[in-house]
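Numbering (the numbering used here), first residue to last: 2 to 119.
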């Protein structure tokens, strides 16, 4: 079982409902497609900062990584990264990921609760 977060570049939506609509549009345009877009510079820096805290899953020899896929950068497409975490580590990892996104001027959205984070 995994827990997903979405982080993207752009203005912070006014509320959770607006964020859900933005997420759906980005997901449809960037994830649910055959087009393979490289991550933007800011999204690549965000993923690198996540990996500075916890290693990629395929490098995890001590079972400490919260990520459910590897390499994590492959979850990024253009200005969006939509990534899964192990459910058992989701509280800590999602809190860190949301705060990191906020500190980098990115939007963090939780599709499970349909709410903006941080």
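Note that beta-carbon positions come from the ideal geometry of N, C-alpha and C, so glycine has one too.
Requested in this report: Tell me whether residue 81 sits in a helix, a strand or coil according to DSSP, three-state version.
Outcome: On the chain shown, position 80 is the one that residue 81 refers to. Strand at residue 81.
Query - Whole-angstrom distance between residue 28 and residue 36, CA atom to CA atom - result: Indexing the chain shown from 1 puts residue 36 at position 35. Indexing the chain shown from 1 puts residue 28 at position 27. For the pair residue 36 and residue 28, the Cα-to-Cα distance works out to about 12 Å.
Requested in this report: Whole angstroms is fine: what's the gap from residue 96's alpha carbon to residue 88's?
Outcome: Counted from its first residue, the chain shown places residue 96 at position 95. Counted from its first residue, the chain shown places residue 88 at position 87. C-alpha of residue 96 to C-alpha of residue 88: approximately 13 Å in a straight line.
Query - Coarse secondary structure for residue 3, derived from DSSP in three states - result: Residue mapping note: residue 3 aligns to position 2 of the chain shown, counting from 1. Strand.
Query raised in the report: Shorter than 8 Å from the beta carbon of residue 51 to some beta carbon of chain C?
Result: No chain C appears in this structure, which consists of one protein chain only.
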